[in-house]
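Per UniProt numbering: the sequence shown = residues 51 to 492.
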Amino acid sequence: LHSADGRLQVKLSAARGRVRVAGRDADVFSYNGSLPGPTLFLRPGDRLNVALENRLTGPTNLHVHGLHVSPEGNGDNPLVAVDPGTSFDYEYRLPAHHPPGVYWYHPHRHGSVADQIFGGLYGAIIVRDPQPIPVSRERVLVISDISLTGDGSIAAVSAMEKMMGREGNLILVNGQPNPALAARPGDRERWRIINACTARYLKLRLDGQSLQLLGLDSGRYQEPRNVEEVLLAPGNRADLLVTAAKGAAALRTLPADRGSMGFMMGGSNGGGPSLPGPDGTVLATFTVNGAPTATLGPVPAQPAPRDLRAVPVTAHRELVFAMGMGMGGGTGSGMMSFSINGRPFDPARVDTTVPAGAVEEWTLRNTSPMDHPMHLHVWPMQIIDQAGQPVETPIWQDVVNIPARSSVRVRIAFDDFTGKTVYHCHILDHEDSGMMGLIEAR
Ligand code: C2O
Ligand code: CU
Ligand code: CU
């Protein structure tokens, strides 16, 4: 669905019902009966109106992940509850300077985010480039995972999966396992890839083809970077150029080690998510043949992002991500508690207050034996250093992985908007169990 004359008006109906998945009828959640929901194409400066209809049996709401829009009122407000049988009209106004890129939408009702996304509620948002990049074809690849029972309904989550973050036994690309993608030799394709998995990290490879990364999340490199592999934590996106070479290639995800609870469970590997074999899992098959295509013009250089390393910082803060046994406070995960700075999420408590317009430096510290992908709404972050190692070219990102027992420093510019929103772990079982905080800019 494309915006016209500066606006896009869509209706999204969240419901449970029959959808064809992997060649059979599955009984899953979806927006408008399709998996993923419709892709929304916008331009900087546009207004997006979404009428969200809730035909589920529990409350839901909508979040536009990564968009730089107001969190207040009927904007990107994560505290809204849309009850079953009711509708809510969202309005998002993208500033004229909104970065182009790959974004997505999904529910954000605390306590049921993992269940609803795992069950099928997600869709892509593309903010178009003011200056188009010449390509033969654009694809949007929404990668998700789900577990289905024998009769095609969504598998229930176990206590262990809630603690580790659930990983589905089916990985889907645009709602289907292993779709066939075709191109001609010499084609330059642009792949917009979204990791919509609830907890799974994707370590993507497409061996035999040449890959160039334009950017991640809302960030862009000035020149595309040659890469062999792209690591996406849950919630991250990649904007990738694929220059097609004759032959057949498999888009695969390789095993990504995101830590385990082994030491707490008393075993050497207890509690870790099951890893695929070393060759990983095939997500899609890319077949290139036919007559070679004409070469396209060069990719225009992208504007350098504002470099927050060069900006005076007005405050330093530390956020400590922790998991503990039996300390109480956590919900829904048995004995395990999930917290940021020692406290599980409470929608009635503001954890962090920042002055509008401030540039802050945050140290994100992870004291647990598992990685936590930290996500902040509304304002993107620049990674300054990881485990003490400075980052060469920081770009804007909205999901930043904090490796187990390690730390990451980021800088954030609280520009343009005031209001309350959240930061949280994007392993959504952790978020639902309390690993989230409320922030207010004012
Ligand atoms: Cu993708 Cu707070 O979410
Ligand atoms: Cu988000
Ligand atoms: Cu986490």
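Heads up, the beta-carbon is just placed ideally off N, CA and C, and yes, glycines get one too. Quick caveat, the model's predicted, so the values are computed rather than measured.
For the putative contact between residue i and residue j, defined by C-beta atoms under 8 angstroms, what is the C-beta separation to the nearest angstrom?
i           : j           : result
residue 440 : residue 224 : Contact flag wrong, Cβ pair sits at about 38 angstroms.
residue 255 : residue 302 : 5 angstroms
residue 566 : residue 395 : Since the displayed the chain opens at 51 and closes at 492, residue 566 lies outside it and no answer follows.
residue 367 : residue 402 : 7 angstroms
residue 142 : residue 123 : Incorrect: roughly 11 angstroms between the Cβ atoms, too far for contact.
residue 220 : residue 198 : 7 angstroms
residue 446 : residue 436 : That pair is no contact at about 16 angstroms.
residue 308 : residue 202 : Not a contact, Cβ separation roughly 29 angstroms.
residue 92  : residue 144 : 6 angstroms
residue 473 : residue 489 : 6 angstroms
residue 363 : residue 411 : 5 angstroms
residue 409 : residue 354 : With 8 angstroms as the limit, residue 409 and residue 354 do not qualify as a contact, their Cβ atoms being about 17 angstroms apart.
residue 279 : residue 240 : Not a contact, Cβ separation roughly 18 angstroms.
residue 387 : residue 469 : With a Cβ gap of about 28 angstroms, residue 387 and residue 469 do not count as contacting.
Between residue i and residue j, is the Cβ-Cβ spacing less than 8 angstroms?
i           : j           : result
residue 107 : residue 134 : yes
residue 103 : residue 72  : no
residue 113 : residue 153 : no
residue 222 : residue 196 : yes
residue 479 : residue 253 : no
residue 415 : residue 457 : yes
residue 372 : residue 310 : no
residue 33  : residue 427 : The structure shown does not extend to residue 33, since the chain is modelled only from 51 through 492, so no value can be given for it.
residue 58  : residue 117 : no
residue 434 : residue 455 : no
residue 250 : residue 284 : yes
residue 79  : residue 70  : no
residue 231 : residue 335 : yes
residue 448 : residue 267 : yes
residue 287 : residue 248 : no
residue 344 : residue 273 : no
residue 294 : residue 259 : yes
residue 492 : residue 406 : yes
residue 88  : residue 119 : no
residue 82  : residue 158 : no
residue 467 : residue 180 : no
residue 204 : residue 169 : yes
residue 261 : residue 289 : no
residue 281 : residue 306 : yes
residue 186 : residue 238 : yes
residue 146 : residue 184 : no
residue 430 : residue 359 : no
residue 397 : residue 129 : yes
residue 164 : residue 357 : no
residue 101 : residue 137 : yes
residue 177 : residue 151 : yes
residue 175 : residue 246 : no
residue 269 : residue 304 : no
In the DSSP assignment, what are the bridge partners of residue i?
i           : result
residue 373 : 388
residue 367 : 412
residue 450 : 424
residue 203 : 77
residue 241 : 189, 290
residue 301 : 334
residue 541 : Since the first residue shown for the chain is 51 and the last is 492, residue 541 is missing from the structure and cannot be characterised.
residue 474 : 425, 486
residue 52  : 91
residue 403 : 490
residue 61  : 101
residue 432 : 446, 461
residue 230 : 335
residue 440 : 435
residue 223 : 193, 226
residue 253 : 281
residue 266 : 288
residue 469 : 491
residue 358 : Answer by DSSP bridge pairing: none, since residue 358 is not bridged.
residue 309 : 420
Cβ-heavy atom distance between residue i and ligand 4 below 7 angstroms?
i           : result
residue 156 : What this structure holds is ligand 1, ligand 2 and ligand 3, not ligand 4.
Subject >> Pocket of ligand 2 defined by Cβ to heavy atom distance under 7 angstroms >> reply: 113, 115, 116, 285, 425, 427, 448
Subject >> Residues near ligand 3, criterion Cβ-heavy atom distance below 6 angstroms >> reply: 422, 475, 477, 480, 485
Original post:
Which parts of the UniProt domain "Plastocyanin-like" (68-181) are runs of the beta strand (DSSP E), unbroken and 3 residues or longer, counting only runs that do not cross its ends?
Top reply: 74-81, 90-92, 97-105, 113-115, 137-143, 151-156, 173-177
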